[in-house]
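*Asks:* Mind having a look at this structure? Questions to follow.
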Amino acid sequence: MKTIQVTLPQSVYTYKVRIGLDILEEALSDILAQYSEPKVFIVTNETIYNLYKNHLEKQIPKQLDFEILVLPDGEQYKNLGTISQVYDFLVENKANRKSIMIAFGGGVIGDMVGFAAATYLRGISYIQIPTTLLSQVDSGIGGKTGINHPSGKNYIGSFKQPLQTIIDVSFLKTLKEREFVAGYSELIKHGLIRDPYLFQILSKTTMENLRSNNDLLIEAIFRSCEVKTRVVEQDERESGLRAILNFGHTIGHFLETFTAYKQMLHGEAVIIGMDFAAWWSYHHGYLDQDDYQLVHQHLVSLGVEQIIPGINKSKFIEIIDRDKKAASAGIKFIGITTIGKVTIFDNTSAESLWDDYQEFLKTDTFLNVI
Ligand SMILES: NC(=O)c1ccc[n+]([C@@H]2O[C@H](COP(=O)([O-])OP(=O)(O)OC[C@H]3O[C@@H](n4cnc5c(N)ncnc54)[C@H](O)[C@@H]3O)[C@@H](O)[C@H]2O)c1
Numbered sequence: 024m025k026t027i028q029v030t031l032p033q034s035v036y037t038y039k040v041r042i043g044l045d046i047l048e049e050a051l052s053d054i055l056a057q058y059s060e061p062k063v064f065i066v067t068n069e070t071i072y073n074l075y076k077n078h079l080e081k082q083i084p085k086q087l088d089f090e091i092l093v094l095p096d097g098e099q100y101k102n103l104g105t106i107s108q109v110y111d112f113l114v115e116n117k118a119n120r121k122s123i124m125i126a127f128g129g130g131v132i133g134d135m136v137g138f139a140a141a142t143y144l145r146g147i148s149y150i151q152i153p154t155t156l157l158s159q160v161d162s163g164i165g166g167k168t169g170i171n172h173p174s175g176k177n178y179i180g181s182f183k184q185p186l187q188t189i190i191d192v193s194f195l196k197t198l199k200e201r202e203f204v205a206g207y208s209e210l211i212k213h214g215l216i217r218d219p220y221l222f223q224i225l226s227k228t229t230m231e232n233l234r235s236n237n238d239l240l241i242e243a244i245f246r247s248c249e250v251k252t253r254v255v256e257q258d259e260r261e262s263g264l265r266a267i268l269n270f271g272h273t274i275g276h277f278l279e280t281f282t283a284y285k286q287m288l289h290g291e292a293v294i295i296g297m298d299f300a301a302w303w304s305y306h307h308g309y310l311d312q313d314d315y316q317l318v319h320q321h322l323v324s325l326g327v328e329q330i331i332p333g334i335n336k337s338k339f340i341e342i343i344d345r346d347k348k349a350a351s352a353g354i355k356f357i358g359i360t361t362i363g364k365v366t367i368f369d370n371t372s373a374e375s376l377w378d379d380y381q382e383f384l385k386t387d388t389f390l391n392v393i
């Protein structure tokens with residue numbers, strides 16, 4: 024089992040991320056043994072419960088008292104109504120300050136449980152057991168929790184770090200191919216922003232090989248989690264550096280919003296967004312042609328071609344501007360200067376991105392406009 028220690032000076036808090044194959048039982052009993060008979064509240068969704076009901080119950084240490092809440096599956100349930108259900112479950116089962124919640128699922132479950140744990144009785148502890156690739160390399164670490172509001176994704180939330188994050192790659196065997204590719208986008212992102220060796224590992228293998236080779240998968244997830252951890256340690260509340268984790272997200276978010284979150288998974292949109300960011304960096308002279316080609320060819324090989332309708336300039340600017348998250352005057356666009364290094368270009372204008380987007384569509388991109 025590999026371990027990453029996450030140390031957060033801002034919150035004066037530290038926790039472990041444990042990564043391996045079939046490690047759940049050992050990791051859970053290690054962490055729960057540190058508390059005196061806590062009552063455990065597991066929250067999951069129907070899909071995961073149906074797949075792992077028996078398996079999960081066997082992993083909980085025998086002497087512990089636990090309750091399970093099974094929520095419906097889907098991003099559309101990541102809202103206040105569902106959180107209210109979670110609070111009811113906790114109240115009905117007399118959860119107290121010593122209780123520990125467990126998020127057993129993908130990013131949707133992780134974000135909701137983290138938010139419920141941050142707010143129930145002004146905060147109780149929780150453990151993350153991420154079961155999708157995306158949640159294992161991204162949302163399971165870093166303490167961002169939250170829910171959606173009708174006017175936007177993740178509009179309501181809080182920072183709440185878990186007691187521990189347990190990443191068991193055995194869960195990935197049942198993940199749908201498309202979800203695996205979506206999670207892979209964050210793996211490759213972490214390679215591109217901070218770990219050239221991770222990019223090399225990924226670009227020298229195939230998705231099928233990565234999926235079936237547990238050692239390789241653990242190594243890639245470990246390196247990816249290291250990147251996220253080291254960035255979050257330096258900037259827990261996203262006041263600066265943490266923005267580099269948004270590499271590929273400017274055009275990624277635009278595509279998701281423009282297609283009303285119905286056509287692409289977040290990770291698929293980010294793959295196209297990273298292709299744009301790499302092209303943008305090359306086009307503006309920050310990235311050399313060889314590196315651009317390496318990144319582009321690898322992203323093309325992931326097979327996430329999309330066909331979208333055309334858009335006019337004012338709508339494009341409206342969507343891009345909406346995403347800039349208040350504070351700064353312009354957009355913080357994340358460009359790449361070499362494989363493993365990115366730069367934040369503050370005050371990039373939506374107007375200039377529109378011009379660049381038009382040029383990008385003329386390249387051999389895998390984004391086709393009808
Ligand atoms: N907090 C953060 O830092 C952060 C970062 C990135 C994304 N997010 C959030 O994460 C969410 C997306 O997460 P996601 O991609 O994991 O989506 P998800 O939680 O919806 O999971 C995707 C699908 O896979 C299913 N699933 C989960 N584990 C499975 C398994 N082992 N086998 C088979 N099926 C399984 C789920 O039931 C679901 O249908 C979004 O809400 C996003 O806002 C949060």
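Residue numbering for the sequence shown follows my numbering, starting at 24 and increasing by one per position. Backbone N, C-alpha and C fix where the C-beta goes; we use that ideal spot for every residue, glycine too. What you are looking at is a predicted structure, and each value in this text was computed from that prediction instead of being measured.
Are ILE132 and ALA126 touching if we call contact CB-CB under 7 Å?
*Replies:* By one-based count along the sequence shown, residue 132 stands at place 109. By one-based count along the sequence shown, residue 126 stands at place 103. The answer is yes: Cβ separation under 7 Å.
*Asks:* Within 10 Å of its beta-carbon, does THR197 have 16 or more other beta-carbons around it, so buried, or fewer, so exposed?
*Replies:* The residue labelled residue 197 in the question sits at position 174 within the sequence shown. The residue in question, THR197, is exposed, as its Cβ has fewer than 16 Cβ neighbours within 10 Å.
*Asks:* Measure the C-alpha to C-alpha separation of ASN237 and PRO61 and round it to an integer number of angstroms.
*Replies:* Translated into positions along the sequence shown, residue 237 becomes position 214. Translated into positions along the sequence shown, residue 61 becomes position 38. The straight-line gap from Cα to Cα measures roughly 33 Å.
*Asks:* So does the region 43-59 actually touch the region 69-84, counting three or more Cβ pairs closer than 8 Å?
*Replies:* yes
*Asks:* Among THR282, GLY43 and LEU74, whose alpha-carbon lies nearest the alpha-carbon of ILE330?
*Replies:* As a working note, residue 330 is residue 307 in the sequence shown. It is THR282.
*Asks:* With a cut-off of 8 Å on the beta carbons, I'd call VAL365 and ILE267 a contact; round off their distance for me.
*Replies:* Locating residue 365 in the sequence shown gives position 342, counting from the first residue. Locating residue 267 in the sequence shown gives position 244, counting from the first residue. Going by Cβ atoms, the distance from VAL365 to ILE267 rounds to 5 Å, so yes, they are a contact pair.
*Asks:* Spatial neighbours of GLN187 within its chain, please: C-beta separation below 8 Å, excluding the five flanking residues on both sides.
*Replies:* For this step, residue 187 is matched to residue 164 along the sequence shown. TYR38, LYS39, VAL40, ARG41, ALA50, ILE54, ILE150 and GLN151.
*Asks:* Classify MET297 as helix, strand or coil using the three-state DSSP reduction.
*Replies:* Taking the first residue of the sequence shown as position 1, residue 297 is located at position 274. Helix.
*Asks:* Could you give the uninterrupted runs of the beta strand (DSSP E) lying entirely in the region 348-386, keeping only those of 3 residues or more?
*Replies:* 354-361 and 364-371
*Asks:* Excluding five sequence neighbours on each side, which residues of the same chain lie with their C-beta closer than 7 Å to the C-beta of VAL136?
*Replies:* Taking the first residue of the sequence shown as 1, we reach residue 136 at position 113. Taking VAL136 as the centre and dropping the five residues before and after it, the same chain places the C-beta of VAL66, MET124, ALA126 and TYR149 closer than 7 Å to its C-beta, in chain order.
*Asks:* Give every residue of the same chain whose Cβ lies closer than 7 Å to the Cβ of ARG265, excluding the five residues on either side of it in the sequence, and list them in chain order.
*Replies:* As a working note, residue 265 is residue 242 in the sequence shown. Excluding positions up to five away in sequence, the list reads VAL254, VAL255 and ASP258.
*Asks:* Grab the span of the beta strand (DSSP E) containing GLU90 for me, first residue to last.
*Replies:* As a position in the sequence shown, residue 90 is number 67, starting the count at 1. 89-94 is the extent of the beta strand (DSSP E) around GLU90.
*Asks:* Alpha carbon to alpha carbon, how far is LEU239 from ILE27? Give it in angstroms, no decimals.
*Replies:* As a position in the sequence shown, residue 27 is number 4, starting the count at 1. As a position in the sequence shown, residue 239 is number 216, starting the count at 1. Approximately 17 Å, taken between the alpha carbons.
*Asks:* Between SER162 and ligand 1, is there a pair consisting of the residue's CB and a ligand heavy atom that are separated by less than 6 Å?
*Replies:* What you label residue 162 is simply residue 139 of the sequence shown in a count that begins at 1. Yes, the beta carbon of SER162 sits closer than 6 Å to at least one heavy atom of ligand 1.
*Asks:* Roughly how many angstroms lie between the CA atoms of THR70 and LYS212, to the nearest whole one?
*Replies:* One-based indexing of the sequence shown puts residue 70 at position 47. One-based indexing of the sequence shown puts residue 212 at position 189. If you take the alpha carbons of THR70 and LYS212, they lie about 28 Å apart.
*Asks:* Put ALA118 into one of helix, strand or coil per three-state DSSP.
*Replies:* The residue you call residue 118 lines up with position 95 of the sequence shown. DSSP places ALA118 in coil when its eight states are reduced to three.
*Asks:* Beta strand (DSSP E) containing GLN187: first to last residue?
*Replies:* Within the sequence shown, residue 187 is the residue found at index 164, counting from 1. Residues 187-191.
*Asks:* Can you give me the start and stop residues for the beta strand (DSSP E) that ALA126 sits inside?
*Replies:* As a working mapping, residue 126 is identified with position 103 in the sequence shown. Here the beta strand (DSSP E) through ALA126 covers 123-128.
*Asks:* Can you tell me whether DSSP reads ILE216 as helix, strand or coil?
*Replies:* In the sequence shown, residue 216 corresponds to position 193, counting from 1. Of the three classes helix, strand and coil, the one that applies to ILE216 here is helix, per DSSP.
*Asks:* Have a look at ILE274 and PHE383 and give me their C-alpha separation to the nearest angstrom.
*Replies:* Taking the sequence shown and counting its residues from 1, the one referred to as residue 274 is at position 251. Taking the sequence shown and counting its residues from 1, the one referred to as residue 383 is at position 360. Straight-line Cα distance between these residues: approximately 11 Å.
*Asks:* Identify which residue in ASP311, PHE368 and LEU225 has its Cα closest to the Cα of TYR207.
*Replies:* As a first step, residue 207 must be located in the sequence shown, where it is residue number 184. Checking every option, the nearest Cα to that of TYR207 belongs to LEU225.
*Asks:* Kindly list the residues whose CB is nearer than 7 Å to the CB of TRP377, restricted to its own chain and excluding five residues on each side of it in sequence; keep chain order.
*Replies:* Start at 1 with the first residue of the sequence shown, and residue 377 comes out as number 354. Result list for TRP377: LYS336, PHE339 and ILE340, in chain order.
*Asks:* Alpha carbon to alpha carbon, how far is LEU87 from PHE112? Give it in angstroms, no decimals.
*Replies:* Counting from one through the sequence shown, the residue named residue 112 turns up at place 89. Counting from one through the sequence shown, the residue named residue 87 turns up at place 64. Rounded to whole angstroms, PHE112 to LEU87 spans 18 Å at the Cα level.
*Asks:* Does the contact criterion of 3 or more C-beta pairs under 8 Å hold for the region 284-300 versus the region 199-206?
*Replies:* By the Cβ criterion, the region 284-300 is in contact with the region 199-206, since at least three pairs of Cβ atoms, one from each stretch, lie closer than 8 Å.
*Asks:* Report the CB separation of LEU278 from ILE295 in whole angstroms; it is logged as a contact under 8 Å.
*Replies:* Counted from its first residue, the sequence shown places residue 278 at position 255. Counted from its first residue, the sequence shown places residue 295 at position 272. Their Cβ separation, rounded to whole angstroms, is 6 Å, which keeps LEU278 and ILE295 in contact under 8 Å.
*Asks:* How many angstroms separate the CA atom of PHE356 from the CA atom of LEU44?
*Replies:* Locating residue 356 in the sequence shown gives position 333, where the first residue counts as 1. Locating residue 44 in the sequence shown gives position 21, where the first residue counts as 1. Rounded to whole angstroms, PHE356 to LEU44 spans 37 Å at the Cα level.
*Asks:* With THR168 as the anchor, note down where its beta strand (DSSP E) starts and where it stops.
*Replies:* The residue labelled residue 168 in the question sits at position 145 within the sequence shown. First-last of the beta strand (DSSP E) with THR168: 167-172.
*Asks:* Considering just the uninterrupted stretch of the alpha helix (DSSP H) at SER337, what are its terminal residues?
*Replies:* Position 314 of the sequence shown, counting from 1, holds the residue named residue 337. It spans 336-345 - the alpha helix (DSSP H) in which SER337 sits, taken as one unbroken run.
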